[in-house]
Amino acid sequence: MTTDIALNIVLLSFMAIVGLAIARLRNLFPVAMLTGLYSLLSASLFTLLDAVDVALTEAAVGAGVTTVLFLATFGLTRAREKPVPRSRTLIGLCVTVLTGAVLIYASLDMPHFGAADTPVQQHPLRDHYLKTVSDEIDVPNTVTAVLGSYRGYDTLGEVVVVFTAGIGVLMLLGVAWRRPNKSAERNR
Amino acid sequence: MREHTVLRVVTKLLIAPIILFALYVQFHGDYSPGGGFQAGVVFAAAIILYALIFGLAEARRAVSPNLLRITGALGALIFAGTGVYAMLRGGNFLDYDYLAHDAIHGQHYGLLLVEFGVGLTVVSVITSIFYVFAGRGRRNDDEQPPGDAR
Amino acid sequence: MSAHWLGWLVAFPALMSLLVAACGRWPNLRESISVATAVALFAGIALFVEPVTAGARPSLTLFEVLPGVGLTFTLEPLGLLFALVASGLWSVTTIYAAGYMRGNEEHAQTRFFVCFALAISAAIGIAFSGNLLTLFIFYEMLTLSTYPLVTHHGDVESRNGGRVYLGILLTTSIGFFLPAIIITYLITGSITFDEAGLFGEAGLSVLGAGALYALFLYGTGKAALMPFHRWLPAAMVAPTPVSALLHAVAVVKAGVFIVLKLSVYVFGVQFLADTGASELMMWVAAFTVLGASLIAMTRDNLKARLAYSTVSQLSYIVLGATMASSFGILGGGMHIAMHAFAKITLFFCAGAIYTATHRKYVSELDGLGYAMPITFTAFFIASVSLIGIPPMGGIWSKWYLMEGAADSGHTAIIMVLALSSLLNIVYLLEIPTRAFFHNPRPDTPRNWHEAPWACVIPLSITATGCIVWFFYPLPFLKLLAPWAP
Amino acid sequence: MIEAFFAQMPALVIVLPLLAAPLCVLLHRGGPSWFVYLLTTWACFGLAFLLFVQVKIGGPISYAMGGWSPPFGIELRLDALNTVVLLLVTGIAAISSVYAKASVAAEIASERAYLFYAALLLCFCGLAGITVTGDAFNLFVFLEISSLSSYALIAMGSKRRALLSAFQYLIMGTIGGTFLLIGIGFLYMMTGSLNMADIASRLPAVADTRTVEAGLAFIVVGTSLKFALFPVHVWLPNAYTYAPSSVSAFIAATATKVAVYALMRFLFTVFGAAYAFDRLPLGEVLLVLSVAAMLSGSMAAIFQTDVKRLLAWSSIAQIGYIVMGFALASSAGVSASVVHMVNHGLIKGALFMAVGAMFWRLRTISLNDIAGLGRQMPITSAAFVVAGLSLIGVPATGGFISKWVLLEAVIAPGHYWLAAAILVSSLMALIYIGRVVEVLYFRERPEGRPDVGEAPVLMLVATWTLVLANIAVGLYATPLIAAAQRAASAVLGDGS
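So the protein lines, in turn, are chains A, B, C and D. For the first sequence, position 106 (counting from the first letter as 1) is numbered 106 according to the UniProt record's numbering, and the numbering increases by one without interruption. For the second sequence, position 51 (counting from the first letter as 1) is numbered 51 according to the UniProt record's numbering, and the numbering increases by one without interruption. For the third sequence, position 456 (counting from the first letter as 1) is numbered 456 according to the UniProt record's numbering, and the numbering increases by one without interruption. For the fourth sequence, position 173 (counting from the first letter as 1) is numbered 173 according to the UniProt record's numbering, and the numbering increases by one without interruption.
Structure below.
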């Protein structure tokens, strides 16, 4: 238990450091690398929390694909951030601080982490998902059962989110730009 | 990077296990962590890796963007279609109980189909997005904005 | 007469406006249809005189607009009077408009006649309305259908005039009238006109009732109470037949008619008399009567002078409504008709003068009386009627208004009315005096003569009306019998 | 068979566009995709209508997705409130699908038209999904679908600025979505459930906790970002201005309404009016913000020179009306909100369509360029005028009905200052609509501009359908008001 906590603390402080570094850096190549690192750290955190499915996704998407996409994007744009006016960073800071404050405020009454008597643990859902699942679906991996069947509709929604993202990118960038207009106009 | 022999060899060695792992994650999701999403991403990572090392053109020849467009749509259709099929069999949308002669089997078929749909869409979409980004090259600022390309 | 006719009468001019629009290419046909519509409408409304004076109150609910509140038409004496005056004078105005628009070669005449028909449709809708919502719908329809008429010329001046016109009328109606209706609805649970008034048992405080009454009266921007009278002179940019329609027939009369109707059927004369809720607005009206007369004296532009005269005369009717006496209602009702005849004559004359001579300033009219004797005689008759001297019809309304003031114990109002008559003499009689007794200006050509017959005949008819109603006020008295002693 | 079909209707409303979108991608051509879009939206409109009637007669419907009874599975739940919203969304989608063909052909490159229709279908699907769901997390998922697709759709605008404004919207929208997710997460943490009804029944036990308070705050701020309530509205003017015409018309008429619906659902169904409005000063805050939105939005609209931007600012003001209604937390207030949601949908849909038709001809929509169009595009201009009158709130139009019920709702408890704000804002609407009308009719066409004719018939038909719907509502509002009152009593639990 204590090693868990120690690991948690280490991972979280690393994440904080990486986050700050990302915010400070102006050169975007290291930023892309650091976001990959950040994802890897959070994947580790998810593993510690026994959320292996999530960790797997995070590692593959966050640390892998996203970084590649970032790098591909730098091929299209500049890889150095333009200086942002002070006023806008101030607004950003205020929003962040405020959000953080509310989050901390909220955490004051949160049920204790890992406690057995939290609302989530006491809700009949938990029993149902963990016990009845073998009668109803009979799949050893409850996560798959919940995501695929009990909340299959959500998963369908998420697939559609991915699909939408694909359509969006294809629509905006996918088809090579034709440039007939300019020459046509000139001919006119 | 086509000149880096080491990379090419290592990649060739790696891609098959990656794909195998993806398939494992895909079809073993019922028993161990994983499922369509994870499998899709891992599979896409294999294709992307291939494209990074052997070049985009090669990758496109192997997995054409047109195919990805179709499989991406098909994935979503398979998922939703499974639900509709359950509907046609008399159940509610996505009620896998109705897919087979008994409920448990139905659930198993349902999960298998649905996860396959998820995987298909995810791998297609992620690969397409990569293709699009990697394939664009540097743009000039005087180019036509989207939509105005009429 | 079946109550269903009420709906058709309101819709009739609107439907005919489509026909008018379709006949745009054939001006003769178009104007014949317009005139025929006007006459038929008047005849149709006149058919209701018999049953209504006999005490019938035909009512028709077309459908529910809001839950429990329908698009309802109910005919009662005041509404019938207003509808008769409006449709009757509309017939005359249409003939006049045909002559004027052709005489001045105005553009977009089809649009003009279409809007004309829509405006009268809205006016009849106001006259027949059976509840505040219906009234409000047609009130706004009247504003919007007359806007293209006001801005008819389409130049900068008329655009600005139209802006003021629309701005003030819509601002007051949305800003004051609408909340007043809703407050009434919330307090009484009803917005249907009722002979006993709506606030009988509502237990409204004097202050509350007074505020609500003020909200209603200022909301009725068309009644042109100061300080919301500015739209009326601004609307002077319109062609003269429109001014006649606005000032004598549809728009302003709709405003004061609504004031009368509100005082009688929403608040109730008895309620107003008991609480004195209308006291404040009475003084506002009295102030407007005098103030507008004073401004009228300073205006050299003939139409502007007439406009301020209208502002002043409208407040006579508002006075009648606010003095909370049935004589006041009687006088106010009479004045709707008498002022309509007199003022439409004055505008017709102004338009005739402009058509014939293209002059629009009072100071330019010297000596024109001999070139245009009929026009200026008519002008004289109408002026005298407005002032309230026998043998013109205007005396009757003034008489009953004074009696109402005496009846409700407001001696000061009698003074106001008398003083206003004096002011009327000053600013109205100046014009025929100049025309007949001053020497023509040197630049006046000798060959000037009367305007086209289509202009002269209508103004003769209405001027005759002014005299006839002195000797024969019976139709109005019969209609207003519920408030007669 | 018929029975079975009726039972499946709640799911079908979502499933049809969900199937149609990939189908469009497979079709790979603009024309057939448009046809699929048209058929889908009209079919959904029909379904929505049947559902509306079914709920009206038989009361709320619950549909268990996957056959798992709630709270174990995801529930679709239709009551008097969301059937109205669903009817609005599907109706506008159906009409804008008629409009879309010509508009898309003019503004979107033909080789990506099929993607465009797929994205429209997904956006529609997302909005419908938010509307019918009875599950808090599911709401978030469909919110993401609609958001992602609308970012992409807006970016398809013909000016380069469209990209930037879509990006701006993306940032704000993502923050909003994240806040909403955090809020839902807190609720899950405190109740252990994601089903709205289940959360509602478990919340009172933990209502005193700061976590629930923060959850409410996150949800309110998150959804407010989505419907552009006053201080977080900055994304909206650009997004609506630079989006393609068919997108502005559809999104302006529906997306913000659905976000407002989502907030209402959380406030009234999940948290309960008593918690949100009595224990916390949420009502007061929302009232102040709605007044600020009304006044600042209208004021900004007056000074715009681009008609689409003018309409966008007006939308910000109109959102204020809707928020003001339900912030009163009274039955009259909530029903006024619902009435105005529908009316504003109809009004803004019609206005954006009319403006889109002008854009179709002129390729620009600034005040100077549309001068004198009243004669050259009389049908379109007339549609703009009538819809504009409705926006102002002239009687015999839908906007008047909104104003009537809203005024009734604010005056009854004696909030005269709110009534004054509503009236002032209406009069400001008179000014900005008046400016456009004056330019349309009283200014000459600028020198050297070619004469233009009317827009294509289908565009006019769609525009006028909405305009006539406005008038129909204005003259016969009883059904709408009755539906809104049923909605209010459905979410407030009783007649209070």
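Every residue, glycine too, gets a C-beta built ideally from N, C-alpha and C. None of the values given here were measured: they were computed from a predicted structure.
Query, Result
"Chain-ordered neighbours of Leu93(A) on chain D, where CB pairs are closer than 8 Å", "Within chain D, no residue comes near Leu93(A); the closest Cβ sits about 14 Å away, beyond 8 Å."
"Integer-rounded CB distance, given that Ala166(D) should sit under 8 Å from His233(D)", "Rounded, the Cβ-Cβ distance is 16 Å, inconsistent with contact."
"Sub-8 Å separation of Ser309(C) and Ala296(C) beta-carbons", "yes"
"CB contact below 8 Å: Ala80(B) versus chain D", "yes"
"Which residues DSSP lists as bridging Asp135(D), in chain order", "Asn195(D)"
"Counted within 10 angstroms of its Cβ, other Cβ atoms place Tyr242(D) as buried (16 or more) or exposed", "buried"
"Stretch-stretch touch, CB-based, cutoff 8 Å, three pairs: the stretch 56-74 of chain A with the stretch 29-45 of chain A", "yes"
"Inter-stretch contact (C-beta, 8 Å, three-pair minimum) for the stretch 332-341 of chain C and the stretch 470-485 of chain C", "yes"
"Below-8 Å beta-carbon distance, Ser496(D) vs any chain A residue", "A caution first: Ser496(D) carries a pLDDT of 39, below 50, which makes its placement in the model unreliable, though a value can still be read off. Output row for Ser496(D): interface = no."
"Collapsed DSSP secondary structure at Tyr361(C) in the structure displayed", "strand"
"Close beta carbons around Pro432(C), own chain, < 6 Å, minus the five adjacent residues each side", "Phe376, Phe379 and Phe380"
"Selection of the stretch 374-407 of chain D by Cβ proximity to chain C, strictly under 9 Å", "Leu389, Ile392, Gly393, Val394, Pro395, Ala396, Phe400, Ile401, Lys403, Trp404, Val405 and Leu407"
"Top-ranked residue by Cα proximity to Pro124(A), from Asp451(D), Tyr37(D), Gly73(D) and Val323(D)", "Gly73(D)"
"Interface positions of the stretch 34-62 of chain A facing chain B (Cβ-Cβ less than 7 Å), listed along the chain", "Val52, Asp53, Leu56, Thr57, Ala60 and Val61"
"Whether Leu245(C) touches Met282(C) by CB criterion (8 Å)", "no"
"As assigned by DSSP and simplified to three states, the class of Leu127(D)", "helix"
"Three CB pairs or more closer than 8 Å across the stretch 451-460 of chain D and the stretch 370-381 of chain D", "yes"
"Straight-line gap, Leu367(D) to Val307(D) (C-alpha atoms, nearest Å)", "6 Å"
"Beta-carbon gap between Leu115(D) and Leu173(A) smaller than 8 Å", "no"
"Span separating the alpha-carbon of Cys349(C) from that of Asn160(C)", "26 Å"
"Under 8 Å from the C-beta of Ile167(A): neighbouring residues of chain E", "Checking the listed chains, one finds no chain E in this structure; the protein chains it contains are A, B, C and D."
"Chain-ordered residues of the stretch 128-152 of chain A with a beta carbon less than 7 Å from chain D", "His128, Ser149, Tyr150, Arg151 and Gly152"
"Neighbour-count burial assignment, Asn27(A), 16 or more Cβ in a 10 Å radius", "exposed"
"Interface flag, Pro62(B) vs chain A, CB-CB below 8 Å", "Note that residue 62(B) corresponds to Ala in the displayed sequence, not to Pro. Closer than 8 Å: no."
"For Asn131(C), the residue or residues it bridges with in DSSP", "Thr192(C)"
"Buried or exposed (CB count within 10 angstroms, at least 16 for buried), Cys455(C)", "buried"
"Under 7 Å by beta carbon: chain A residues contacting Met9(D)", "Those do not exist, as Met9(D) stays about 16 Å from chain A at its closest Cβ, beyond 7 Å."
"CB contact check: Val65(A) to chain D, cutoff 8 Å", "no"
"Exposed unless 16 or more other CB atoms sit within 10 angstroms - verdict on Ile91(A)", "exposed"
"Sheet register partners of Phe400(D) (DSSP bridge)", "DSSP output for Phe400(D) lists no bridge partner at all."
"Inter-residue Cα distance where the pair is Tyr153(A) and Gly66(D)", "8 Å"
"Contact set between Phe73(C) and chain D, taken where Cβ atoms lie within less than 9 Å", "Chain D residues near Phe73(C): none, gap ~14 Å exceeds 9 Å."
"Spatial neighbours of Gly398(D) in its chain, beta-carbon cut-off 6 Å, leaving aside the 5 residues before and after", "Asn343, Leu346, Ser390, Asn470, Val473 and Gly474"
"Under 8 Å (Cβ pairs) to chain A, residues found in the stretch 115-141 of chain B", "Glu115, Gly117, Val118, Thr121, Val122, Ser124, Val125, Ile126, Ser128, Ile129, Phe130, Val132, Phe133, Ala134, Arg136, Gly137, Arg138 and Arg139"
"Alpha helix (DSSP H) segment containing Tyr316(C), residue limits", "Leu302 to Thr322"
"Chain D contact residues for Val25(B), given Cβ-Cβ distances below 7 Å", "Within chain D, no residue comes near Val25(B); the closest Cβ sits about 23 Å away, beyond 7 Å."
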